[in-house]
Every structure is written in C-alpha cells, then in structure tokens.
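Numbering (numbering that gives the first Met the number 0), first residue to last: 0 to 444.
For glycine and all other residues, C-beta sits at the position ideal for the given N, C-alpha and C.
What follows is one structure encoded as structure tokens, with my remarks underneath.
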Amino acid sequence: MSFALNRRTFLKSASGVLLGLAYLPGSARAGASNAGTVASSASWDDLARSLKGPLLHKDAPDYATIAAPWNLRFAATLPAGIARCVSPEDVRACLHWAQSNEVPLAIRSGGHSYAGFSTTSGLLLDVSLMNEVGDLDASGRVRLSGGARNANVYAALRPLGRAITHGRCKGVGVAGLVLGGGIGFSQRLQGLACDQLVETEIVIASGELLRCNEVDNADLFWACRGGGGGNFGVNTSLTFQTFPVAVVTVFRLVWRSGLDELLPAALALLPTTPDRLGCKLFVEAGKDEQLELVGQLVGTEGELTSLLAPLYRIATPNEQAVRALPYWDSQEFLSEEGPPEYSHERSRYVFRPVPPEGARTVLDFLRRWPTTHDGAQWKIFLAGGAVAAVPTDATAFVHRKALMLSTIDLSWTPEDDAAAVRANQVWLDEFHAAMQPFTSDESFQ
C-alpha cells in the first residue's frame with residue numbers, strides 16, 4: 000500500500016480524527032445529538048477567567064447576532080456559550096475546558112458552513128476576532144490569522160497587487176474555505192487556495208500548537224489541504240504564497256430565452272475554454288427562467304467575446320455587463336453579500352461533459368420546481384486547469400480531475416410552511432438523484 004493511500008485511508012478511519020476534535024463530546028457534526036454534560040455556572044466562570052477574549056452567554060447584548068449561523072436552517076441550535084478567542088492560548092483553554100466538562104464544541108470563523116457544522120448547543124469556539132493579515136514577505140508570502148475573512152484579504156492584498164484564490168462573499172472565513180480545498184474564479188489559472196497554502200498552525204485536541212508544512216508535521220499539513228475544517232484541530236494561522244495580479248475582464252451575461260439551446264451549448268463549450276477563464280453558470284427555476292454567466296478572464300473584452308461566440312450566435316444576452324478592471328476592482332464587481340438565509344444545497348462533481356440529455360434533465364426539474372417565497376437554481380462552477388495539474392494524492396482534496404462542480408441550491412423564508420418546505424426538499428432530492436448519471440458520486444465537502 001502506498002504512502003499516499005495510507006494518508007487517504009487515515010482520513011476515512013477513526014484514527015484520522017484522534018489528532019483533532021471529532022472525539023470531543025457532541026462535536027462530530029451538525030445533526031449529531033450534541034449530547035454532553037450541562038456545565039455548572041461555576042465551570043463557565045472558570046472558563047471566562049482563563050480567556051483573554053470575551054465569553055458570551057444568552058443574556059449578552061450581541062449574543063443573538065454572533066450566535067446565528069449563515070444558514071438559518073440551523074439557527075435553532077444555539078450555543079450555551081460563545082468563546083470569542085483572540086489567541087492560540089484562548090483556543091487551547093477552550094479545548095481543555097470542553098473535554099474536562101464533557102461539553103459539546105464547534106468551531107466557527109465565518110459561520111458559512113452549508114451543512115451547519117459550526118453550530119452546537121454547547122461551547123462555540125469563535126475565532127473571528129483573530130483576523131489579522133500580516134505583511135507580505137520578500138518571497139510573496141502572507142500570513143493570515145485563523146479568523147480572517149475574504150474581506151480582510153481584499154483589504155490587505157489590494158494595495159500590493161497580489162492575490163490568493165478566494166471567494167466572492169466577503170464574510171466567508173478563509174480557513175473554512177481553504178481547508179475544504181478553496182475554490183474561486185482564479186482556480187483554473189492559479190490553483191485552489193489549498194495549493195497556495197505553504198504553512199498552517201493548528202491547536203490539536205491535546206492543546207498542543209503544531210506548525211505544519213511540507214517538512215514539519217507533513218501528514219497533518221497534507222490533510223489540512225482539502226480534508227475539511229475542524230476535523231483535526233483549530234487552525235490559528237494560515238500562510239499563503241500569493242501571486243501577482245493586474246487587469247482582468249469581468250462579466251455578467253443574462254439570457255431570458257432560448258435556454259433549451261443555450262444550456263447544452265454552454266455545457267459543451269465551457270470546459271474547452273482556456274484556463275484564463277473562470278466562471279459560474281446559473282439557471283434560475285420558475286416561470287421567469289434565465290441563464291446567467293458570471294466570471295473573469297485574464298484577457299481582453301474582445302477575447303471574451305470570441306470565446307463565447309457560440310453562445311452569442313444562439314441568442315444575444317438580455318443583459319450584458321463586461322468591464323476590464325484592475326484585479327481588486329474587478330472583485331468588487333463580482334462580490335456578493337450573501338446574507339443569511341434558509342437554504343439547502345446538494346452537489347456533485349462532473350468528470351465528463353454533460354450531454355444534451357443532462358441539460359434537458361436540469362431544465363425539466365427547474366420548470367417543475369414547487370416554488371417557495373425565495374428561490375431555487377442549478378449552477379456549475381468551472382474547474383480543471385491548474386486544479387487538475389496537481390496529482391490527486393498530493394493533497395487531501397480528491398476532486399482534482401473534475402471539469403466542473405454541479406450544485407442545486409434551494410432557499411426559502413419563514414413564510415413557507417412546513418409542508419411547502421418538505422415538498423421542496425423532496426424535489427431537491429429527486430433532482431439530485433436524477434443528475435447522478437451525468438455527474439458522479441463525489442460531492443463538495
């Protein structure tokens with residue numbers, strides 16, 4: 000058995016979590032029992048005294064805002080306490096206290112886990128105050144604290160003309176993004192964010208602070224690049240190799256008719272485009288259906304028009320916004336607020352071109368969406384390029400050879416009753432199953 004296979008087996012096995020937090024009571028994942036001892040007031044007081052950062056309970060003025068996850072589907076699970084850590088020492092104190100008192104624990108940076116993994120009824124270990132971005136060193140490396148968000152990266156790297164692969168939503172935590180792989184519009188040209196990670200510091204369940212890179216704790220470093228956040232400990236710093244950026248062409252194109260011809264054409268075209276193109280395709284559900292392309296090209300507006308000519312020949316977009324902008328100005332064009340919502344996403348990676356019958360399946364399901372007071376869509380995120388150039392066993396991110404990521408996104412509001420939500424969940428599950436022949440059994444973690 001190869002060393003790489005041993006590493007992969009390690010991730011799947013029970014031993015793979017003993018370095019980290021999954022054996023702490025109730026901290027395996029959302030949907031678990033969250034069972035654990037109810038700590039006494041005196042115990043909570045002990046924890047508060049051991050922290051430099053504040054410890055919040057439900058009577059704190061800002062508790063409700065900080066406790067709420069991005070996905071409001073999990074908002075009913077509220078922590079008994081929120082430790083707003085400001086240092087690795089605070090993190091260590093929380094891990095020791097949670098184990099000693101058998102209290103469930105979850106880690107949160109940005110709180111954007113689609114599956115609610117950063118929710119708990121016990122202790123919420125919040126690292127969002129640890130959001131510093133260090134100075135760029137001579138080799139172009141930058142060190143981020145574990146709670147830094149995309150907004151912190153934007154602000155720090157903009158004046159330097161450098162970047163890492165990042166997300167569009169400014170409130171998303173970089174740690175959660177990179178530990179799951181780190182997808183973004185630059186991935187086809189520059190690789191995943193985890194490919195740019197050169198070192199991380201992590202507090203494991205024993206309280207030990209480990210420095211992990213290709214030399215020191217190399218197996219754990221391998222696992223942190225795409226193995227998922229919170230599986231092995233609390234990452235308190237992340238050091239990245241940045242890359243230079245200049246002017247890019249960004250775009251948003253919307254078609255409101257001709258989707259039966261446009262969608263299969265787009266699905267055939269996009270995987271063949273140069274790695275300089277990064278984009279997402281969205282198809283909205285319901286009566287007012289539309290197809291939208293959003294993304295960036297390291298190239299000119301004329302090159303973009305040439306690349307997308309097969310789609311323009313089918314139909315002229317109803318809306319077009321195309322701009323050549325300095326990189327960080329372009330990211331403001333592409334950014335989205337991503338406010339909290341009730342949502343459920345299901346995804347599958349795609350390893351071969353989606354055939355016309357796959358496109359018909361997408362449109363058929365979207366046209367018979369049961370409806371909510373919010374929305375539903377099918378979307379793909381274009382992959383390949385530099386992502387696929389890295390060997391599958393080089394990091395824990397296993398989806399290297401995928402052409403794209405296919406996702407069904409469902410959202411609703413409190414106005415939708417339980418029966419409506421159930422009907423939509425059934426629709427989502429059926430849609431997800433129907434896409435399996437055109438996709439794979441691999442999902443975005």
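Next on the checklist: On the DSSP bridge list, what partners appear for S405?
Outcome noted: Numbered from 1 along the sequence shown, position 406 holds the residue referred to as residue 405. DSSP, once it has assigned bridges, lists R347, I379 as partnering S405.
Checklist entry - In terms of alpha-carbon separation, which member of F443, I379, R345 lies closest to A432? => result As a working note, residue 432 is residue 433 in the sequence shown. The candidate whose alpha carbon is nearest that of A432 is R345.
Checklist entry - Rounded C-beta distance between V202 and L208? I'm assuming under 8 Å. => result Within the sequence shown, residue 202 is the residue found at index 203, counting from 1. Within the sequence shown, residue 208 is the residue found at index 209, counting from 1. The Cβ separation is near 5 Å, so the contact holds.
Checklist entry - Between the stretch 312-326 and the stretch 269-284, do three or more beta carbon pairs fall short of 8 Å? => result A contact between stretches requires three or more CB pairs, one per stretch, nearer than 8 Å, and the stretch 312-326 fails this requirement with the stretch 269-284.
Checklist entry - Grouping DSSP H, G and I as helix and E and B as strand, with all else coil, what is A31? => result Counted from its first residue, the sequence shown places residue 31 at position 32. The pLDDT assigned to A31 is 42, lower than 50, so where the model puts this residue is not dependable; a value taken from the coordinates is nonetheless given after this. Of the three classes helix, strand and coil, the one that applies to A31 here is coil, per DSSP.
Item to check | Continuous beta strand (DSSP E) assignments of at least 3 residues falling wholly in the stretch 59-137 | outcome: Correct list: 80-83, 104-107, 122-125.
Checklist entry - Quick check: the stretch 362-369 against the stretch 186-199, are there 3 or more CB pairs under 8 Å? => result no
Next on the checklist: Within the continuous beta strand (DSSP E) that includes L211, where are the two ends?
Outcome noted: Along the sequence shown, read from residue 1 onward, the residue named residue 211 stands at position 212. This sequence places Cys at residue 211; Leu is not what is there. From DSSP, the beta strand (DSSP E) with C211 extends over 208-211.
Checklist entry - What residue does the alpha helix (DSSP H) around Q189 start on, and which one ends it? => result Looking up residue 189 in the sequence shown gives position 190. In this chain, the alpha helix (DSSP H) harbouring Q189 covers 186-189.
Next on the checklist: Cutting at 6 Å between CB atoms, please list the residues of its own chain near E260, excluding the five before and the five after it.
Outcome noted: Position 261 of the sequence shown holds residue 260. Answer for E260: I313, listed in chain order.
Checklist entry - Would a C-beta distance cut-off of 8 Å place T406 and Y341 closer than the cut-off? => result The residue you call residue 406 lines up with position 407 of the sequence shown. The residue you call residue 341 lines up with position 342 of the sequence shown. No; because the gap between Cβ atoms is not below 8 Å, this pair is not in contact.
Checklist entry - Quick one: what does DSSP say R140 is sitting in, helix, strand or coil? => result For the purposes of this step, residue 140 is taken as residue 141 along the sequence shown, with counting starting at 1. R140: strand per DSSP, three-state reduction.
Item to check | Contact belief for S236 with E200 at Cβ below 8 Å, rounded distance in angstroms | outcome: The residue you call residue 236 lines up with position 237 of the sequence shown. The residue you call residue 200 lines up with position 201 of the sequence shown. 4 Å between Cβ atoms; contact.
Checklist entry - Do you know offhand how far G183's Cα is from S42's? => result Locating residue 183 in the sequence shown gives position 184, where the first residue counts as 1. Locating residue 42 in the sequence shown gives position 43, where the first residue counts as 1. Rounded to whole angstroms, G183 to S42 spans 43 Å at the Cα level.
Next on the checklist: Helix, strand or coil, according to DSSP, for I182 in the structure here?
Outcome noted: Mapped onto the sequence shown, residue 182 falls at position 183. I182: coil per DSSP, three-state reduction.
Next on the checklist: Residues in the same chain with beta-carbon distance under 7 Å from L17, minus the five sequence neighbours each way, listed in chain order, please.
Outcome noted: As a first step, residue 17 is located in the sequence shown; it is residue number 18 there, counting from the start. In this prediction, L17 scores a pLDDT of 43, lower than 50, which makes its location untrustworthy; the coordinate-derived value is nonetheless stated afterwards. Excluding sequence neighbours, L17 sits near nothing in its chain.
Checklist entry - Excluding five sequence neighbours on each side, which residues of the same chain lie with their C-beta closer than 6 Å to the C-beta of N151? => result Taking the sequence shown and counting its residues from 1, the one referred to as residue 151 is at position 152. Cβ within range, chain order: N130, V132.
Item to check | beta strand (DSSP E) runs contained entirely in the stretch 297-336, provided each spans 3 or more residues | outcome: 318-325
Checklist entry - Does DSSP put G357 in a helix, a strand or coil? => result Here residue 357 is taken as the residue at index 358 of the sequence shown, counted from 1. G357 falls in the helix class under three-state DSSP.
Checklist entry - Which first and last residues belong to the beta strand (DSSP E) in which W368 is found? => result On the sequence shown, residue 368 is found 369 positions in, with the first residue counted as 1. Segment: none, W368 is in no beta strand (DSSP E) and carries neither H nor E.
Next on the checklist: Assuming L46 is part of the beta strand (DSSP E), what are its boundary residues?
Outcome noted: Locating residue 46 in the sequence shown gives position 47, where the first residue counts as 1. No beta strand (DSSP E) contains L46, which is instead part of the alpha helix (DSSP H) from 40-49.
Checklist entry - Which whole-angstrom value is the C-beta distance of L292 and L252, which I expect to be below 8 Å? => result For the purposes of this step, residue 292 is identified with residue 293 of the sequence shown, where counting begins at 1. For the purposes of this step, residue 252 is identified with residue 253 of the sequence shown, where counting begins at 1. That pair is a contact at about 5 Å.
Checklist entry - Counting pairs of Cβ atoms below 8 Å between the stretch 415-428 and the stretch 392-403, do you hit three or more? => result no
Item to check | Helix, strand or coil at R224 [DSSP, three-state] | outcome: Along the sequence shown, one-based indexing puts residue 224 at 225. Coil, per DSSP.
Checklist entry - Across which residues does DSSP place R251 in a beta bridge pair? => result Position 252 of the sequence shown, counted from the start, is the residue given in the question as residue 251. According to DSSP, which records beta bridges pairwise, R251 is partnered with V293, A320.
Checklist entry - Going by alpha carbons, who is nearest to R142 out of E300, Q240, L402? => result The residue given as residue 142 occupies position 143 in the sequence shown. That would be Q240, whose Cα lies nearest to the Cα of R142.
Next on the checklist: With a threshold of 8 Å on Cβ separation, who are the neighbours of R148 within its own chain once the five nearest residues in sequence on each side are excluded?
Outcome noted: Within the sequence shown, the letter at position 149 stands for residue 148. Taking R148 as the centre and dropping the five residues before and after it, the same chain places the C-beta of S108, G109, S127, N130, K169, G170, V171, G172, V173 closer than 8 Å to its C-beta, in chain order.
Item to check | Sheet register partners of S410 (DSSP bridge) | outcome: The residue you call residue 410 lines up with position 411 of the sequence shown. For S410, which the question treats as bridged, DSSP gives the partners S342, G374.
Checklist entry - Does the beta-carbon of R351 have 16 or more other beta-carbons within 10 angstroms, so that it is buried, or is it exposed? => result In the sequence shown, counting from the first residue as 1, residue 351 sits at position 352. Exposed, by the Cβ-count rule.
Next on the checklist: Distance check for S39 and A490, CA to CA, integer angstroms please.
Outcome noted: Since the displayed the chain opens at 0 and closes at 444, residue 490 lies outside it and no answer follows.
Next on the checklist: Short of 6 Å in beta carbon distance, which residues of its chain neighbour C84, apart from the five on each side in sequence? Order them along the chain.
Outcome noted: Here the question's residue 84 lines up with position 85 in the sequence shown. These residues qualify, in order along the chain: G52, V90, V126.
Item to check | When R161, L124, S117 are compared against D136, the one with the closest alpha-carbon | outcome: Within the sequence shown, the letter at position 137 stands for residue 136. The option with the nearest alpha carbon to D136 is R161.
Next on the checklist: Taking a contact to mean a Cβ-Cβ separation below 8 Å, would you say G139 touches G179 in this structure?
Outcome noted: Along the sequence shown, read from residue 1 onward, the residue named residue 139 stands at position 140. Along the sequence shown, read from residue 1 onward, the residue named residue 179 stands at position 180. Contact: no.
Next on the checklist: My assumption, with CB atoms under 8 Å, is that A358 sits in contact with L262. Please give the rounded CB distance.
Outcome noted: Stepping through the sequence shown from its first residue, residue 358 is reached at position 359. Stepping through the sequence shown from its first residue, residue 262 is reached at position 263. Going by Cβ atoms, the distance from A358 to L262 rounds to 4 Å, so yes, they are a contact pair.
Checklist entry - Considering only residues of the same chain and omitting the five flanking positions on each side of Q376, which have a CB-CB separation below 7 Å? => result Here the question's residue 376 lines up with position 377 in the sequence shown. So the qualifying residues of the chain are F281, V282, E283, A284, D408.
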